[in-house]
Amino acid sequence: MFERLIAFNAGQFPQRVALAQAQDSFTFARMAADIGRCANWLATLNLPPEGRALLHIPHPYAHWIVTLGLEQHGLITASTALAGQIAGDAALLRADLVFSSQAPDKPLDVPLHLIDQPWIDALADQPAAWTRSRPPAPQDPCRIIVTSGTTGVPKKILLTRAMIDERIQNLIMAQMYASPDLVAVSTIGVGSVGGFLTRLRCWAQGGAMYELSSGSSWAQDLATRKITLIRLAPFHLQGLLRELPEDFAPQPGLTLGLMGGSLSPALAAEARRRLTANIVVNYGSAEAGTVAIGRLNELGGADDAAGFLCPWAEIEVLGPDGSRLPPGQVGELRLRAGDLAGGYLDDPAATAEMFRDGWFWPGDLGVLSPDGLLKVVGRTNELLNIGGAKFLASRLEALVLRVEGVSDAGVFLAPDADGLDIPHIAYVAAGDLDLTPLKILVTRALGGRDPQLMRVAEIPRNAMAKIQRDALRDLHAASQSARSSDPRPGAERPDPA
1 MFERLIAFNA GQFPQRVALA QAQDSFTFAR MAADIGRCAN WLATLNLPPE
51 GRALLHIPHP YAHWIVTLGL EQHGLITAST ALAGQIAGDA ALLRADLVFS
101 SQAPDKPLDV PLHLIDQPWI DALADQPAAW TRSRPPAPQD PCRIIVTSGT
151 TGVPKKILLT RAMIDERIQN LIMAQMYASP DLVAVSTIGV GSVGGFLTRL
201 RCWAQGGAMY ELSSGSSWAQ DLATRKITLI RLAPFHLQGL LRELPEDFAP
251 QPGLTLGLMG GSLSPALAAE ARRRLTANIV VNYGSAEAGT VAIGRLNELG
301 GADDAAGFLC PWAEIEVLGP DGSRLPPGQV GELRLRAGDL AGGYLDDPAA
351 TAEMFRDGWF WPGDLGVLSP DGLLKVVGRT NELLNIGGAK FLASRLEALV
401 LRVEGVSDAG VFLAPDADGL DIPHIAYVAA GDLDLTPLKI LVTRALGGRD
451 PQLMRVAEIP RNAMAKIQRD ALRDLHAASQ SARSSDPRPG AERPDPA
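For the sequence shown, full-length UniProt numbering gives the first residue as 1, with consecutive numbering after it.
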């Protein structure tokens, strides 16, 4: 179904805007015609049947024209956001060809096709009409999503057309983002499953996607673009609120759709006060899709609330011995749904670890209420064991973010001089910061244990804005090594505090 979304809307609403970026806008009619033109151009390339294509095309419109043009030929696509990762991602994906706006910094072993402005200009020379040689089948492989969670270890998920269609329809059925004049923005890129599906769901509802540009201002865009939906991670919401002027008027017609992490009570309260009271939270994964969703103002104000169990999904809460726990008890979650992935592509070991007995085990800790309200309290791999006491990294980070002047934070374990893992707090601050309140707050939360503080320029995050704790640990190790080999004042490295 999804491959015909643009053509379907072009037939009904040809002059309605499908995608806007900066000063440009593209109607459904224009987009449908350009997809056909791209499919005709692709037909000249001798494409491998069901081949894997990697895309690095920052121009949003060109990206979707090529993506949907490749889909017309039955190819499997994946996207990468960084030019420096093209060669590595092509190897990871075992890509058969690459489409990029620029040549990569490392040579490729597969054909490269440049998608630049001359290509866009020449597209008009191709005929707009295109007919597939074979109708698509529901189980045809279509899209590869690379996910790494908080570990930084990349894993590939293969989505079929049926899985994509089901995930689009599920969220439409939930009616959380319905709007008669939908104009959506996503701060999550198309390389992630959330960013990819957000755009397809928008078009499935006849809406317009507005793509942010580097020079855009949130205040200006919200005032002039008539945006009705923003899909974003809590980290991005924090940055959005920081950018808005103090006198910015709340937007009653706006909905915030959170993904990629839990929303702290303090951040939720600020978003309600300064932006909108319409906040939707959800819980799911690239592997299992959305399994819980709800409007924040209908969840009873519960901390860590992730929504109500969706009718198409199942969640079980398990104890340490693997037994199913009754409602109200915290345990490890396992999930399943009709659109559950079958495992990780080219990775049988990770598949055996995380897909067991027909369930996906995401490594999350949570609790279900008798009426199906899910609360996610943390991750099993974020449960820090410090001297026999257990602490959730996400809870500590929420505390650190309450300190005035701290704009971001990440908690990780790293060895001390004796080789024992101790808690470290990486934090970001714009100017001088009095560390006394921070140290008091965290020491109290850790039961009197003193944390090590490390000031960094930014907290490393993946495409879904999740903290990469292994990267923080590596950064700390590199900084310790640099200090031991180059003790000169002013040597460039993260600052200990």
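The beta-carbon is built from N, C-alpha and C at its ideal position, and this holds for glycine as well.
| Item | Value |
| --- | --- |
| By Cβ distance, which residues of its chain are closer than 8 Å to T255, with the 5 residues on each side in sequence left out? | M176, Y177, S179, T228, L229, I230, T276, N278, I279 and V280 |
| Helix, strand or coil: which one does DSSP assign to K226? | coil |
| In the structure shown, what three-state DSSP assignment does A491 receive? | The pLDDT assigned to A491 is 38, lower than 50, so where the model puts this residue is not dependable; a value taken from the coordinates is nonetheless given after this. Three-state DSSP puts A491 in coil, outside helix and strand. |
| Among the residues of its own chain, which have a CB less than 6 Å from the CB of A491, if the five just before and after it don't count? | Here A491 scores only 38 on pLDDT, less than 50, and its place in the model should not be relied on; the value that follows carries that caveat. Hits under 6 Å: none found. |
| Work out the CA separation of L453 and L446 for me, nearest whole Å. | 14 Å |
| Can you grab the Cα-Cα spacing for the pair P320 / V17, in whole Å? | 52 Å |
| Just the C-alpha distance for T147 and I422, rounded to the nearest angstrom, thanks. | 28 Å |
| Between L212 and V185, which are expected to be in contact by the criterion C-beta below 8 Å, what is the C-beta distance as a whole number of angstroms? | 6 Å |
| Is L399 near V456, with beta carbons less than 8 Å apart? | no |
| Report the partner residues of H56 according to the DSSP bridge assignment. | S100 |
| Measuring alpha carbon to alpha carbon, tell me which of C310, A409 and M163 ends up nearest L368. | C310 |
| Quick one: give me the first and last residue of the beta strand (DSSP E) that P259 is part of. | One point to set straight first is that residue 259 is Met, not Pro, in the sequence displayed. Where M259 is concerned, there is no enclosing beta strand (DSSP E), given that its DSSP letter is neither H nor E. |
| If the criterion is Cβ atoms closer than 8 Å, does the pair P250 and A219 meet it? | no |
| Quick check: T67 and L55, are their CB atoms within less than 8 Å of each other? | yes |
| Alpha helix (DSSP H) containing I120: first to last residue? | Q117 to A122 |
| Going by DSSP in three states, W361 sits in which element: helix, strand or coil? | coil |
| Whose C-beta lies closer than 6 Å to the C-beta of N9 among residues of the same chain, with five residues either side of it excluded? | F28 and G206 |
| Residue ranges of each beta strand (DSSP E) run of no fewer than 3 residues wholly in the region 20-52, ordered along the chain? | 24-27 |
| Which parts of the region 237-311 are runs of the beta strand (DSSP E), unbroken and 3 residues or longer, counting only runs that do not cross its ends? | 255-258, 279-285, 289-295 and 305-309 |
| Nearest-angstrom Cα distance between G257 and L232? | 6 Å |
| Below 8 Å, how does it come out for the region 85-105 and the region 20-37: are there three or more Cβ pairs, yes or no? | no |
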